[in-house]
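Chains as they are written, first to last, in this note's numbering: chain A, 153 to 290; chain B, 117 to 604.
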C-alpha cells in the first residue's frame, strides 16, 4: 500500500496547524501529501465574476494556500495540490474514497465558525464517512 | 459521438431526475413573478420556462444549465409590452432567437473575453437592483398585512433550509403563505388579480402582427437588447456551471441553442428567456449534471401548471414579492462592496457607471455598453504613458523609450525630448522596449527626427521590433529623400 495523505485546507489557521500534523505524518510514514482545496458551489459564482478566466481563477485559489504550501516546501515533503469542487464535506470524502487515500488530515473548523455551527461541521462529516483514518487537528 | 450523447443524457439519471423536480418547483414562483415584471399573464412566463428548458436540454452547449423566463429579459421587454402588446412580444422573442442564432454562428463567445469583469459585476448588481425596484409597487403602502406577509415569506425562505435542504424553501414559503391567506381569509392582492392562469397545453401559432417594415422597426431594438442580455447572462451562467462541475462547455453551441429555444418559445406564446444563474446553481447543488435534469425541470413544470393552475391564482402577491426580494439578494454580488477598497478605483467606477446607467435607462444592454466603453477609455489612458530616459555619451545623446507608441500617447511622447541639447551632435533613440502601433505613432517619430534634423542634429533609431519597423518603412517620411512633414 502506498496511498497518500490528504490534507484538506482552506488556508485558515486551523488548516495551517493541520498542515503541521500532516507533515509529521508524511515524514514518519514516508508518504506523499495531497493538499485539497474545496471550492464551494456558492463560491463559484463569486469567483467567476471576479476573475478574468479559468487560469486567473486557478491562481487566485492557489494563493489561498500560500502559507500551507510554504510549510510543505520548507519541510521538503513531496506534495501536490488538488482543487475540488462541491460541498466541502462530501467533496473531500468522495475524493479520499475514490483515490484510496491512506489518511485524511484536516482542521477542526474552517474560516467561518458561525457557518460551521449552522451547517454542521465539515470535519465531523469527513470523520463519519471517509473509509480511512481521519486526523482532526484542534 | 453516440457515447458522448448517452453520457450527457443518461450519465446521472437518478441525480438528474431529482434535481430536475427540485428546479421545476423552484421555477414556478419565479416564472410567475417575472411575468408580472414584464407586464404579461403568468402563463406567458410559465410556457416560456417550459419551452426554454426543454429545447435547451437538446440544443444547449452546457449540460445541467437551466434556461427559463428570467428577470433580466423581463426587464428589457417592459416598454414593448406596455406600448405595443403581447403579440409584438412574441414576434420580438422570435427575432431575438434569430439574432442569437446568427451571433452563435459568428462565434460570439470569443467576444466575451473583451467584457471586463467589473462590467459583469455591474450587470448582476444592476439586475438585482431592478428586480427589487420592480417589487416596490407591489408592497409599499398597500396594507400592513402586506408587509407582514412579505416579512413572513422571507423568514421562511431563509430559516427553513437550516432544517430541510432538499425542498426549495421559496416554494415552501409560497405554499404556507397561500394556505394562510386562503384559510385565514386575509384580504390580499393575488396573482389572479393580475392575470389569468389557463390549464391548457401551449399551442403553436404565428404572432398576430403585420409582416412589414414598421413591425420590424418596433421589435428590432428590443430584440437586439434581449439577444445581447440573454447571451451575456447565459454565457456567464455557463462559466459558473463549468466551474462548479469542473468541466468545460461549448459556448457557441450554447449561444445557438439559446437562439433556437427563443424561436420555439416565441411560436408557443412564451416570452424571451435565457439561462438563470440561481436556478442553475440550485440544479447542480441538488445533484443535476446532465441534460436530463434540464429536460425534467421543463416537463415537470408543465405538469405542475396543468395540475396546480387553480391554486396558482390564489398565491398572494406579497408572498411572490418575498421570493423576488430573495432572488434580488441572491443575485447581488455582495463581495463587490467589500472589494471596493481593494480593487483599482477605475474598476469601481466602471462598475458603478454600469449600474447607474442601467438603473436610469432600465436597459441592461445600455449599461453593459457604457461599462465596456468606459473601461476601454480607462485602459487606453493607462497604457498611454511612454517612459523616456536619457543618458549622455560624449557628444551623443541616448534616449530609451519604453511603452506603447500610439494615438493616445504620442502628444506626451513628443514632448519628452529635448530638441536643443547643448554640445550634442548625435541622438540615438532606442525602441527595444517600445512598440509603434499606428500611423499616429509613426508620425510622432517623423516629427521628432525632423525636428532634430532642423537643429542640425543627426538622429538614429534602434531596437525597433519587426512590426514597428515595417510600419515605419511603409509610412514614415523622415527616411525618404527630402523627407518633410506634410502640411507643416
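Ideal placement from N, C-alpha and C gives every residue a C-beta, glycine not left out.
For residue 512 of chain B, the uninterrupted beta strand (DSSP E) segment begins and ends at 512 to 521.
By the rule that beta-carbons nearer than 8 Å mark a contact, residue 187 of chain A does not touch chain B. A distance of 8 Å or more separates the beta carbons of residue 583 of chain B and residue 546 of chain B. Less than 8 Å separates the beta-carbon of residue 223 of chain A from that of residue 171 of chain A. Comparing C-alpha distances from residue 174 of chain B to each of B/409, B/589, B/476, B/563 shows the shortest one belongs to B/409.
Residues of the stretch 231 to 248 of chain B with a Cβ closer than 8 Å to any Cβ of chain A, in chain order: 233, 236, 237, 240.
At least one CB atom of chain B sits nearer than 8 Å to the CB of residue 203 of chain A. Cβ-Cβ distances below 6 Å link residue 162 of chain B to 147, 421 in the same chain, with the five nearest sequence neighbours on each side left out; the list follows chain order. At a cut-off of 8 Å between C-beta atoms, residue 393 of chain B counts as an interface residue with respect to chain A. Within chain A, the residues placing a beta-carbon under 8 Å from that of residue 361 of chain B are 237, ordered along the chain. Taking all protein chains in view, the Cβ of residue 463 of chain B is crowded by 16 or more other Cβ atoms within 10 Å, so the residue is classified as buried. With a cut-off of 8 Å on Cβ pairs, the stretch 175 to 194 of chain B is in contact with the stretch 358 to 373 of chain B, counting three or more such pairs.
Taking 8 Å as the cut-off, the beta carbon of residue 157 of chain A is found closer than this to the beta carbon of residue 183 of chain A. The closest CA to that of residue 391 of chain B, considering only B/550, B/342, B/402, B/495, is found on B/342. Between residue 396 of chain B and residue 244 of chain B, the C-beta gap is not smaller than 8 Å, which leaves the two residues out of contact. As far as DSSP is concerned, residue 139 of chain B takes part in no beta bridge. The Cβ of residue 345 of chain B sits no closer than 8 Å to any Cβ of chain A.
Taking every protein chain shown into account, the CB of residue 225 of chain A has fewer than 16 other CB atoms within 10 angstroms, so this residue is exposed.
By the C-beta density criterion, residue 254 of chain B is buried, having at least 16 other C-beta atoms within 10 angstroms.
Straight across, the Cα-Cα distance linking residue 276 of chain B with residue 136 of chain B is about 20 Å. Below the 7 Å Cβ cutoff, chain B contributes no neighbours of residue 277 of chain A, its closest Cβ being approximately 14 Å away. Just so you know, the alpha carbons of residue 161 of chain A and residue 259 of chain A end up roughly 8 Å apart. Where residue 547 of chain B is concerned, the enclosing beta strand (DSSP E) starts and stops at 542 to 552. Per DSSP, residue 215 of chain B is not a residue of any beta strand (DSSP E); the alpha helix (DSSP H) it occupies stretches across 202 to 221. In the three-state DSSP reduction, residue 187 of chain B falls in the helix class (H, G or I). Taken through DSSP and simplified to helix, strand or coil, residue 235 of chain B comes out as helix.
Within its own chain, the residues whose Cβ lies closer than 8 Å to the Cβ of residue 220 of chain A, once the five positions on either side in sequence are excluded, are 159, 161, 163, 167, 168, 171, 187, listed in chain order. Residue 190 of chain B is a Cβ neighbour of residue 153 of chain B, given a cutoff of 8 Å. Between the stretch 410 to 429 of chain B and the stretch 374 to 392 of chain B there are fewer than three C-beta pairs closer than 8 Å, too few to call the two in contact. Neighbours of residue 449 of chain B in chain A, taken as residues whose beta carbon is under 9 Å from its own, are 197, 198, 201, 202 in chain order. Straight-line measurement puts the Cα of residue 237 of chain A at about 8 Å from the Cα of residue 359 of chain B. For residue 577 of chain B, the pairing in a beta bridge is given by DSSP as B/545. DSSP places residue 237 of chain A inside the beta strand (DSSP E), whose first and last residues are 231 to 237. Minimum Cα-Cα distance from residue 122 of chain B among the listed residues B/179, B/581, B/308 corresponds to B/179. With fewer than 16 other Cβ atoms from the protein chains shown falling within 10 Å of its own Cβ, residue 333 of chain B counts as exposed.
Residues of chain A whose Cβ lies closer than 8 Å to the Cβ of residue 471 of chain B do not exist, since the nearest Cβ in that chain is about 14 Å away.
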